[in-house]
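Asks: Those protein sequence lines, which keep their order, are chains A and B. Quick note: the first sequence uses our numbering, first residue 1, plus one each step. Quick note: the second sequence uses our numbering, first residue 379, plus one each step.
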Amino acid sequence: MNPLLAAPAAIAQPTPHELALSGSWTARGIGAIEPQLAALSAPAKPELVVDGARIEALDTAGAWVLQKLLRRLRDEGTAVQVRDLRPGFAKLLEIVGREVAGRTGAPIPVSGAPSSMLEGLGQGAEAAFKQAVALLSFIGESAIAFAGCIAHPSRFRWRPILYNIRSAGFDALPIVGLLSFLLGIVVAYQGADQLRRYGANIFVADLVGLSMLREFAPLIVALIVAGRSGSAYAAQIGTMSVTEEIDAMRTLGIAPLDLLVLPKILALLVALPLLTVFADVLGVFGGMIMAHVQLDVGYGEFLDRFVKAVSPTAFLIGICKAPVFAAIIAVVGCFQGFRTRGGADSVGRHTTLSVVQATFLVIVADALFSIAFSALGL
Amino acid sequence: MQSTTQDETVIEISQVSTRFGDHVVHSGIDLEVRRAEIFALIGGSGSGKSTLLREMILLQRPDSGSIRVLGADLQALGDDDAIALRRRWGVMFQHGGLFGALTVTENVGLPLREHTGLADGLIDEIAAWKLSMTGLEPEVGAQYPSELSGGMMKRASLARALALDPELLFLDEPTAGLDPDSAGGVDQLVRRLRDLFGLTIVMITHDLDLLWQVADRVAVLGEGRVQGVGSMSELSRMDNPAIRKFFGGPRGRAAQEQEQQQAGARSSGEPGRPPSKPK
Chain A
1 MNPLLAAPAA IAQPTPHELA LSGSWTARGI GAIEPQLAAL SAPAKPELVV
51 DGARIEALDT AGAWVLQKLL RRLRDEGTAV QVRDLRPGFA KLLEIVGREV
101 AGRTGAPIPV SGAPSSMLEG LGQGAEAAFK QAVALLSFIG ESAIAFAGCI
151 AHPSRFRWRP ILYNIRSAGF DALPIVGLLS FLLGIVVAYQ GADQLRRYGA
201 NIFVADLVGL SMLREFAPLI VALIVAGRSG SAYAAQIGTM SVTEEIDAMR
251 TLGIAPLDLL VLPKILALLV ALPLLTVFAD VLGVFGGMIM AHVQLDVGYG
301 EFLDRFVKAV SPTAFLIGIC KAPVFAAIIA VVGCFQGFRT RGGADSVGRH
351 TTLSVVQATF LVIVADALFS IAFSALGL
Chain B
379 MQSTTQDETV IEISQVSTRF GDHVVHSGID LEVRRAEIFA LIGGSGSGKS
429 TLLREMILLQ RPDSGSIRVL GADLQALGDD DAIALRRRWG VMFQHGGLFG
479 ALTVTENVGL PLREHTGLAD GLIDEIAAWK LSMTGLEPEV GAQYPSELSG
529 GMMKRASLAR ALALDPELLF LDEPTAGLDP DSAGGVDQLV RRLRDLFGLT
579 IVMITHDLDL LWQVADRVAV LGEGRVQGVG SMSELSRMDN PAIRKFFGGP
629 RGRAAQEQEQ QQAGARSSGE PGRPPSKPK
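The following block contains the structure:
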């Protein structure tokens, strides 16, 4: 440790017209005496001697504080004289004194007054509106890029598509399987008590089959993929735009949408329905085990009833939601990635936003599906 | 700011060797940096300048050899001593290393906020002053690093390195990527800091003007070793081919001629940076 940091700065007033300074007047030493300095007032006599002989260390922060004190006393009409400073300290104090003199009256920049609630609401609404417009234009650009790829199929990038199917689809199988299996168990378990009360044990197959196939499997798959892959898309593209990789791609004549966005959207469009089928199977399997344990419904009985109760329509309704969710997740993830500006902080914020918005939009879309299907009588 | 003898050694590097896998970066480097001198490290790409700098500032350990900085042996340093030592030096990184989530003033005030008990108002005042010391306008303080140009970013980074009044300042490529005018400003700033506060400055640079005008001593690294140490005019008289490369090219010769022209002018008055040669 630096021995000079040992004694903190101190100030004493042995007589009304004398100030004795001691200790280390450094950034680390002066913290404690600041209030004391502020309370210090000019003596009745209009002259004051500052004795700096026992100052052990002085740095620019200490010199700054000292000069401010001296200037204040001087402005209050006291003739101040500093004596017995070490030569090096005197030089530093003089340099800093020139700076203080040069800066008095310099306005300290204020970072915008706190806005009123109404103003904040308006700004928030405007930002949300602008973001919605930007999202729409991003969807439009992606659609144009897709149309271009359809017109010239050689523009499709097969390797990234396959890679994304593996990372977002195949690699997600264990977590999707486990969670939908648990969800099937929970649904059967919660229903078991009610069904037993009416002696309607066998209807557990209706309950598990319809709820898993129509609602839960596509939803749980979409939520897992939004958390797993949507966030990864936003972070990847966001980091690339911060490090100017996106700009480099544009200048090299490679369309970022072709290389980064379309493969991700197409990969999810393929992977999500497949994952949903997988989740259907595991969810119903979990329900079947719980039906056997809790309600004494045999596996054969369960499957017989399942085939009668659950029509192919219910299965297809679940599957047809999956591509819509896939498009939402991929588009929102990539969109937030492209909106990243600045640095690491922005990458984090937009990654979070991508998950929040994708989850929100997926659930909204699911609700709209429910309304549409009930209107259609499906 | 302590009163010390002029010839005291601040950094002592002896027999430092570093390798990454099979790639040998340093094989036995010996160097000394004295108090209050401006010391420059030069060398071609991959000659291990940046690695040596990182080893001096405790970001990396050499495989063998010892480095002493401000009297402390970096190899045998405990955690508390390392923190105490880090407060005594400042580092300006090549790309600034400013925190993107904080404004420039907050960046500069961060070391003070972290290591001292000063009031917030005073910290902001000192930060604003350090910013103006490095030649930045007061308005810059409220901006975020992503809004700054490259030169402003370097100045803000320098202001942060100076926040705790270090005794030792490390500069990584202080003028790289700057326009000639800003680079000239950095020349003067570095010299002024040394003259005002007696700072010891260690820098990595390829800027020949900076080397000729500002550096007291220069070490040339090459092939894992120190090829030569001395002032620029001493180095320019050496026959080592690794050193000759730096002086042989047209840019090297131009900078040398300018220095010689200035040698006369300097005795008569204040040295101004000559108009930069076309790049």
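Each residue gets a CB set at the ideal place from its N, CA and C atoms; glycine is no exception.
So F216/A and L268/A are in contact, right, with Cβ under 8 Å, and what is the actual spacing, rounded?
Replies: As a position in the first sequence, residue 216/A is number 216, starting the count at 1. As a position in the first sequence, residue 268/A is number 268, starting the count at 1. With a Cβ gap of about 19 Å, F216/A and L268/A do not count as contacting.
Asks: How is the beta strand (DSSP E) around S392/B delimited, first residue to last?
Replies: As a working mapping, residue 392/B is identified with position 14 in the second sequence. Element bounds for S392/B: T387 to F398.
Asks: Tell me which residue opens and which closes the beta strand (DSSP E) that L135/A is part of.
Replies: Stepping through the first sequence from its first residue, residue 135/A is reached at position 135. It is not in any beta strand (DSSP E) - L135/A instead sits in the alpha helix (DSSP H) that spans M117 to A151.
Asks: Output, in chain order, the set of chain B residues within a Cβ distance shorter than 7 Å of G31/A.
Replies: For this step, residue 31/A is matched to residue 31 along the first sequence. Near G31/A (Cβ distances below 7 Å), the residues of chain B are T494, G495 and L496.
Asks: Please compile the residues from chain B whose C-beta is within a distance smaller than 9 Å of the C-beta of A53/A.
Replies: Locating residue 53/A in the first sequence gives position 53, where the first residue counts as 1. Within 9 Å Cβ-Cβ: nothing; A53/A doesn't reach chain B, min ~15 Å.
Asks: Would a C-beta distance cut-off of 9 Å place A291/A and V332/A closer than the cut-off?
Replies: For the purposes of this step, residue 291/A is taken as residue 291 along the first sequence, with counting starting at 1. For the purposes of this step, residue 332/A is taken as residue 332 along the first sequence, with counting starting at 1. No, the Cβ-Cβ distance between A291/A and V332/A is not below 9 Å.
Asks: With 9 Å set as the bound, which would you pick, yes or no: does the beta-carbon of E503/B sit closer than that to a beta-carbon of chain A?
Replies: If you number the second sequence from 1, residue 503/B lands on position 125. Answer yes: the Cβ-Cβ gap between E503/B and chain A drops below 9 Å somewhere.
Asks: Let me make sure I understand the geometry here. Which of F278/A, A330/A, V242/A and R250/A has the alpha-carbon closest to that of G342/A?
Replies: Taking the first residue of the first sequence as position 1, residue 342/A is located at position 342. Selected option, being the one with the closest Cα: V242/A.
Asks: In chain A, which residues lie with their C-beta within 8 Å of the C-beta of D543/B?
Replies: Numbered from 1 along the second sequence, position 165 holds the residue referred to as residue 543/B. By Cβ distance, chain A contributes T26, A27, D59, T60 and A61.
Asks: Is it buried or exposed, A106/A, if we count other Cβ atoms within 10 angstroms and call 16 or more buried?
Replies: On the first sequence, residue 106/A is found 106 positions in, with the first residue counted as 1. Residue confidence for A106/A is low, a pLDDT of 49 falling below 50, so the modelled location carries little weight and cannot support an answer.
Asks: Looking only at its own chain, which residues have a Cβ that is under 8 Å from the Cβ of K427/B, when we skip the five neighbours before and after it?
Replies: Walking along the second sequence from the start, residue 427/B turns up at place 49. Within the same chain, K427/B has close Cβ partners L419, I420, G421, I582 and L599.
Asks: To be precise: take each residue of the stretch 418-431 of chain B, compare its Cβ to all Cβ atoms of chain A, and keep it if any distance is under 7 Å. Which residues remain?
Replies: Residues: none.
Asks: Given 8 Å as the limit, is there contact between the stretch 521-535 of chain B and the stretch 472-488 of chain B, that is, 3 or more CB pairs closer than that?
Replies: Counting Cβ pairs under 8 Å, three or more are found: they touch.
Asks: Of all the options Q634/B, G602/B, L577/B and D550/B, which has the alpha carbon lying nearest to the alpha carbon of S609/B?
Replies: Looking up residue 609/B in the second sequence gives position 231. The candidate whose alpha carbon is nearest that of S609/B is Q634/B.
Asks: For a cutoff of 9 Å on Cβ pairs, would you count V65/A as touching chain B?
Replies: Against the first sequence, residue 65/A aligns to sequence position 65. Taking Cβ atoms only, chain B reaches closer than 9 Å to V65/A, which makes this a yes.
Asks: Taking CB distances under 9 Å as the criterion, tell me whether F575/B reaches chain A.
Replies: Locating residue 575/B in the second sequence gives position 197, counting from the first residue. Output row for F575/B: interface = yes.
Asks: Are the stretch 50-64 of chain A and the stretch 78-98 of chain A touching, with three or more C-beta to C-beta distances below 8 Å?
Replies: Enough Cβ pairs lie closer than 8 Å, so yes.
Asks: Mind reading off the beta-carbon distance from V592/B to V411/B? Whole number of angstroms is fine, and I expect it under 8 Å.
Replies: Along the second sequence, one-based indexing puts residue 592/B at 214. Along the second sequence, one-based indexing puts residue 411/B at 33. Not quite, the Cβ-Cβ distance comes to about 15 Å (not below 8 Å), so this is no contact.
Asks: With distance defined between alpha-carbon atoms, name the residue in L207/A, E94/A, E18/A and E126/A nearest to V307/A.
Replies: Within the first sequence, the letter at position 307 stands for residue 307/A. Nearest of L207/A, E94/A, E18/A and E126/A to V307/A, Cα basis: L207/A.
Asks: How long is the line joining the alpha carbons of S115/A and L121/A, rounded to whole angstroms?
Replies: Taking the first residue of the first sequence as 1, we reach residue 115/A at position 115. Taking the first residue of the first sequence as 1, we reach residue 121/A at position 121. Between S115/A and L121/A, the C-alpha separation is close to 10 Å.
Asks: Which ranges does the alpha helix (DSSP H) cover as unbroken runs of at least 4 residues, wholly within the stretch 444-493 of chain B, from first to last along the chain?
Replies: Counting only runs of 4 or more, we get 457-464 and 482-493.
Asks: List the residues of chain B whose Cβ lies closer than 7 Å to the Cβ of D345/A, in chain order.
Replies: Within the first sequence, the letter at position 345 stands for residue 345/A. Those within 7 Å of D345/A in chain B are G478 and A479.
Asks: Quick check: L287/A and V204/A, are their CB atoms within less than 9 Å of each other?
Replies: Translated into the one-based positions of the first sequence, residue 287/A becomes position 287. Translated into the one-based positions of the first sequence, residue 204/A becomes position 204. First, the residue type needs correcting, since residue 287/A is Gly and not Leu in the sequence shown. Yes; because the gap between Cβ atoms is below 9 Å, this pair is in contact.
Asks: From S405/B to G124/A, what distance separates their C-alpha atoms?
Replies: Working through the second sequence from its first residue, we reach residue 405/B at position 27. Working through the first sequence from its first residue, we reach residue 124/A at position 124. Rounded to whole angstroms, S405/B to G124/A spans 60 Å at the Cα level.
Asks: Which full runs of the beta strand (DSSP E) of 3+ residues lie inside the stretch 302-342 of chain A, going along the chain?
Replies: Whole beta strand (DSSP E) segments, 3+ residues: zero.
Asks: Grab the span of the alpha helix (DSSP H) containing A232/A for me, first residue to last.
Replies: For this step, residue 232/A is matched to residue 232 along the first sequence. Where A232/A is concerned, the enclosing alpha helix (DSSP H) stretches over S231 to V242.
Asks: Buried or exposed: L178/A, going by 16 or more other Cβ atoms within 10 Å of its Cβ?
Replies: By 1-based counting over the first sequence, the position of residue 178/A is 178. Exposed is the call here.
Asks: So the alpha helix (DSSP H) M530/B belongs to, where does it begin and stop?
Replies: As a first step, residue 530/B is located in the second sequence; it is residue number 152 there, counting from the start. That run of the alpha helix (DSSP H) goes G528 to A539.
Asks: Beta-carbon within less than 7 Å of A539/B's beta-carbon, same chain only, minus the 5 sequence neighbours each way: which residues are those?
Replies: By 1-based counting over the second sequence, the position of residue 539/B is 161. Closer than 7 Å at Cβ, skipping near neighbours: G468, V469, M470 and L547.
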